[in-house]
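**Q** Mind having a look at this structure? Questions to follow.
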DNA sequence: CCGAGGTGCGGAAACGTTTCCAGGAAACGT
DNA sequence: ACGTTTCCTGGAAACGTTTCCGCACCTCGG
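Residue numbers (the working numbering), protein chains in the order written: chain A, -9 to 345; chain L, -9 to 345.
Shown next, in the form of structure tokens:
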């Protein structure tokens, strides 16, 4: 029963794949029962100090590594210490900043993050949600395409907490965190109108995306009550890439009495607009405001004014909401957190109407 | 024994957390043994067609969901269908493009990707490697800090395949994929010298990073055999951020007989250099070449010439190497794949020495 | 001095699955 | 026709862990 001297010490990670060191081995070497080893490893109270010492010593000597996978199987709460993050595209700056913030918050609670890109395709989103829930993730943070809400609802009903991010979604028991897209867009477009612009073009993403609809609504609201009327020739929606945005701007500016300002309601579209204006040599004549900031916007000439969101803040809040729910999923009612936007003037949005 | 009509059909995901549907339930309903259900679910051959039908029907009726976690526990190869990706920072463009490529390749084989950011800290890298291996990942793709090589070696010896990316590392049985940093840097700097520049500044990251050392070596090599000598006043290493790079450039250009060209050996440093040159109004007078492309480099004025790497290609190759090894880890010898770089002239690198 | 109540510990069952093994039926060769 | 092989199937063991339960011991009040 006395502790056996550590005569076959191994380096950590040196055990071979087959014949791996298990709790049983640790228990034998420490001369205690399996249950006691489990209690020590999990830091549960009510084990005599000398036993704790013996078990830890044995574990160290043998190079024991706790198998988190196996432990989550029997564990009462069945928690795996993993959450999943379904983004539009991990490579896009908004997504990756969000990812970073979620990862940091998760790390603080020793939770791992699985990530996938839906590419704005509901089918992909469904597939990802399915895969992740099969892996027994403890919770889900999703930028919803809007086309997989039924699956999200089913998963939620089954007990897995969900936080939707960036886009509003009306589901029971699902928290959301968004920015005030409508107000941010309204204020930006109103600035342009107040500067004297009378023809402001609009570039927007697919109307199936909630943010695209909201920003468009803000654009319309800004015009209400001012002298300026919305000219439908200058409103382009369903634009999905920087290239398409560039083409759209070239077309619009080719009209007679072309717009003197552009509001680009998304990241990539703003970049497309910048390209078009630069190629046409109009970057100092036509005003431009984009929704969502992007790196180097300040280094362009002129600097690009934007309505900035704070992806890190959004991610942090989402992670906190999710991690808070994992303990007791149904305690608090669903919340909708709105993170403010900031207008960053850099020059392009301050260009007055020409002539 | 006849198939029971599906009278209590459920929506997928509708089963409650407790009393979840297990293979046992499916077996009972289909009137077959547990082993047969397992065979059907795993698509193993040698099960009579009508039984396959009955099992699938029962699984569908009950809304059965296969528990991947539990299955990996007993499975002979103990594969979990998960790989881990240790990056410097998921939010940096190089990393996130790499991540995207790895994710896509993994998805094609139904493998999930866990991700973490080391922030260039060996301690963090160790922590991540440890966490991931505890989760029984099938393999690891790592951008190594250089300070956790012993841990990588230990993990590899234990049987987990590893691919190191972006930086060369000399470990048994570890594949690497890098670019030819030295040659890319040499060629770029040589271009500047051939243009007539005689004083080319160097901005580099920490010398603990392999790529930083290689690019510096390329910078030196480019000078060899030309009339130009390296002036140590203009060589700044151990620079970690865009801000630091900006300060360094301001200092260097304050000297008398300042450099007429700058080679920035990393992403963020290039951006810092752009900032400094723009703020000093010298962006059209001092030549600049950066290592590693970044978004919007073409839209700056002048466009920033770079030595471009192809992170997506690197990620794809790394993923293929890793996934290939997961089946038979020790079959092929370790490989070192070198992906070529491309010089992209955009203007800033084509500025001749002033006066 | 005795019984009730608590505490620390270990054996065994359980988690949901895969794999081993053995048994029965069918197919084959002689 | 009969022994042998092959194929299919289901019961049971195993994976590494957590949790249940009961046992032994100790303490304390009466």
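Positions of the beta carbon are idealized from the N, C-alpha and C atoms, including for glycine.
Check the Cβ of residue 28 of chain L against every Cβ in chain A and list those closer than 9 Å, keeping chain order.
**A** Simply none; closest approach about 16 Å.
**Q** Interface residues of chain L around residue 268 of chain A at Cβ under 9 Å?
**A** Residues of chain L passing the Cβ test: 289, 291.
**Q** According to DSSP, which residues form a beta bridge with residue 280 of chain L?
**A** For residue 280 of chain L, which the question treats as bridged, DSSP gives the partners L:254, L:296.
**Q** Taking 8 Å as the CB-CB limit, is residue 161 of chain A close to chain L?
**A** No - not a single Cβ of chain L is within 8 Å of the one on residue 161 of chain A.
**Q** Could you give the residue range of the beta strand (DSSP E) that holds residue 107 of chain A?
**A** Taken as a continuous stretch (DSSP letters only), the beta strand (DSSP E) holding residue 107 of chain A covers 102 to 107.
**Q** Taking three-plus beta-carbon pairs below 8 Å as touching, is the segment 144 to 158 of chain L in contact with the segment 298 to 309 of chain L?
**A** Output reads yes: the segment 298 to 309 of chain L touches the segment 144 to 158 of chain L.
**Q** So what's residue 54 of chain L in DSSP terms, helix, strand or just coil?
**A** Looking at residue 54 of chain L - three-state DSSP - the assignment turns out to be coil, as it is neither helix nor strand.
**Q** If you measure beta-carbon to beta-carbon, which residues of the segment 243 to 263 of chain A are closer than 8 Å to chain L?
**A** Cβ contacts with chain L: 261.
**Q** Check the Cβ of residue 57 of chain L against every Cβ in chain A and list those closer than 8 Å, keeping chain order.
**A** Simply 124, 126.
**Q** Can you have a look at residue 217 of chain L and say buried or exposed, based on whether 16 or more other CB atoms are within 10 angstroms of its CB?
**A** Looking at its Cβ environment, which holds fewer than 16 other Cβ atoms inside 10 Å, residue 217 of chain L is exposed.
**Q** Under a Cβ-count criterion, where at least 16 other Cβ atoms within 10 Å of its own Cβ denotes burial, should residue 133 of chain L be classed as buried or exposed?
**A** The residue in question, residue 133 of chain L, is buried, as its Cβ has 16 or more Cβ neighbours within 10 Å.
**Q** Give the interface partners of residue 79 of chain A over in chain L, defined as CB-CB distance under 8 Å, in chain order.
**A** Within 8 Å Cβ-Cβ: 90.
**Q** Do residue 199 of chain A and residue 128 of chain A come within 8 Å of each other at the CB atom, strictly closer than that value?
**A** Not a contact, by the Cβ cut-off of 8 Å.
**Q** CA-CA distance, residue 107 of chain L and residue 85 of chain A?
**A** One C-alpha to the other measures close to 15 Å.
**Q** Does any residue of chain A bring its CB to less than 8 Å from the CB of residue 104 of chain L?
**A** Yes, because at least one Cβ of chain A sits closer than 8 Å to the Cβ of residue 104 of chain L.
**Q** Are the segment 50 to 58 of chain L and the segment 85 to 99 of chain L in contact at 8 Å, needing three or more beta carbon pairs?
**A** Too few Cβ pairs lie closer than 8 Å, so no.
**Q** Go ahead and label residue 214 of chain L buried or exposed: buried means 16 or more other beta carbons lie within 10 angstroms of its beta carbon, across all protein chains shown.
**A** Its Cβ having fewer than 16 others within 10 Å, residue 214 of chain L is exposed.
**Q** Quick one: give me the first and last residue of the beta strand (DSSP E) that residue 74 of chain A is part of.
**A** Start and end: 72 to 77.
**Q** Of all the CB atoms in chain L, is at least one closer than 8 Å to the CB of residue 87 of chain A?
**A** Yes, its Cβ sits closer than 8 Å to a Cβ of chain L.
**Q** Check residue 129 of chain A in the structure and name its three-state DSSP category.
**A** Residue 129 of chain A falls in the strand class under three-state DSSP.
**Q** Leaving out the 5 sequence neighbours to the left and right, which residues in its chain are closer than 6 Å to residue 260 of chain L when beta-carbon positions are compared?
**A** Around residue 260 of chain L: 254, 280.
**Q** Apply the 10 Å Cβ neighbour rule to residue 266 of chain L and answer buried if 16 or more other Cβ atoms are within range, or exposed otherwise.
**A** Buried, by the Cβ-count rule.
**Q** Can you tell me whether residue 332 of chain A is buried or exposed, with buried defined as 16 or more other CB within 10 angstroms of its CB?
**A** Exposed, since its Cβ has fewer than 16 Cβ neighbours within 10 Å.
**Q** Leaving out five residues on either side along the sequence, give the residues of the same chain with a beta carbon under 7 Å from the beta carbon of residue 50 of chain L.
**A** Excluding residues within five positions, none has a Cβ falling inside 7 Å.
**Q** From the DSSP output, read off the bridge partner residues of residue 191 of chain L.
**A** DSSP output for residue 191 of chain L lists L:252 as bridge partner(s).
**Q** Less than 8 Å between CB atoms is the rule here; does residue 70 of chain L satisfy it with respect to chain A?
**A** With 8 Å as the cut-off, residue 70 of chain L counts as an interface residue toward chain A.
**Q** Does residue 221 of chain L come out as helix, strand or coil in the three-state DSSP assignment?
**A** Reduced to three states, the DSSP call for residue 221 of chain L is coil.
**Q** Using a Cβ cut-off of 8 Å (strictly closer), state whether residue 286 of chain A contacts chain L.
**A** Residue 286 of chain A counts as touching chain L.
**Q** What's the C-alpha gap between residue 149 of chain L and residue 69 of chain L?
**A** Rounded to the nearest angstrom, the two C-alpha atoms are 12 Å apart.
**Q** Which residues in the same chain as residue 138 of chain A place their Cβ atom closer than 7 Å to its Cβ, once the five residues preceding and following it in sequence are excluded?
**A** Only 112, 115, 116, 119 meet the Cβ criterion.
**Q** Would you call the CB atoms of residue 340 of chain A and residue 295 of chain A closer than 8 Å?
**A** Taking 8 Å as the Cβ cut-off, residue 340 of chain A and residue 295 of chain A qualify as a contacting pair.
**Q** Between residue 224 of chain L and residue 189 of chain L, is the Cβ-Cβ spacing less than 8 Å?
**A** It is a contact, given that the beta carbons lie within the stated cut-off.
**Q** Within the 8 Å Cβ cut-off, does residue 121 of chain L reach chain A?
**A** Residue 121 of chain L counts as touching chain A.
**Q** Check whether the Cβ of residue 272 of chain A lies closer than 8 Å to any Cβ atom in chain L.
**A** So no, residue 272 of chain A is outside the interface.
**Q** If we ignore side chains and look at the alpha-carbon of each, how far apart do residue 268 of chain A and residue 233 of chain L end up?
**A** C-alpha separation (whole angstroms): 27 Å.
**Q** Could you check what DSSP says for residue 14 of chain A in three-state terms: helix, strand or coil?
**A** Here residue 14 of chain A sits in helix by DSSP.
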